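full-length UniProt numbering numbers the first residue of the sequence shown as 1 and each following residue consecutively.
Using N, Cα and C, we set each Cβ at its ideal position, and we do this for glycine too.
All values reported here derive from a predicted model rather than from experimental measurement.
This report concerns only the one structure given below.
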Amino acid sequence: MSAFLTDKAAAMGRRIRGVRTVEPAPGRGPYDATVYQTTHLTGGAATGADPRTSAVNRFGQNWDVPNVFVCGSALFPQNSAYNPTGTVGAMAYWAAEAIRDRYARAPGPLLPA
């Protein structure tokens with residue numbers, strides 16, 4: 001899954017004019033979080049469209065407990081190799097907007113499971 005998404009993101013980046021991209025390096029084996037890899041820790045509550053394969057929906061809302069929202073790098077399946085702060089901030093704003101504009105007015109799942 002990671003290799004697929006990395007390839008798709010790299011292809012999109014190459015199509016944007018004026019953007020410098022860094023070509024992804026292929027994995028050298030299974031992902032292993034026990035070895036020191038980065039200080040930008042991520043993962044644990046992966047985002048997805050299917051509650052059978054993810055912990056939260058695209059708004060960071062827990063599939064099983066709709067009043068629990070995750071806002072942070074736990075939403076990523078693994079580290080992207082760069083500081084995730086900007087993306088974490090953007091995702092927090094995305095979740096906050098959904099909570100304010102949708103969830104607060106009608107508490108419950110924001111997306112069907």
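| Quick one: is residue 122 buried, meaning 16 or more other Cβ sit within 10 Å of its Cβ, or exposed? | Since the first residue of the chain shown is 1 and the last is 113, residue 122 is not available in this structure.
| query | How about residue 7 and residue 24: do their beta carbons lie closer than 9 Å? | reply | yes
| message | Between the alpha carbons of residue 18 and residue 100, how many angstroms are there, rounded? | response | 35 Å
| request: Just confirm the distance between the C-beta atoms of residue 43 and residue 76, as a whole number of angstroms; I'd bet it's less than 8 Å. | output: 6 Å
| request: Determine the DSSP secondary structure at residue 69, reduced to helix, strand or coil. | output: strand
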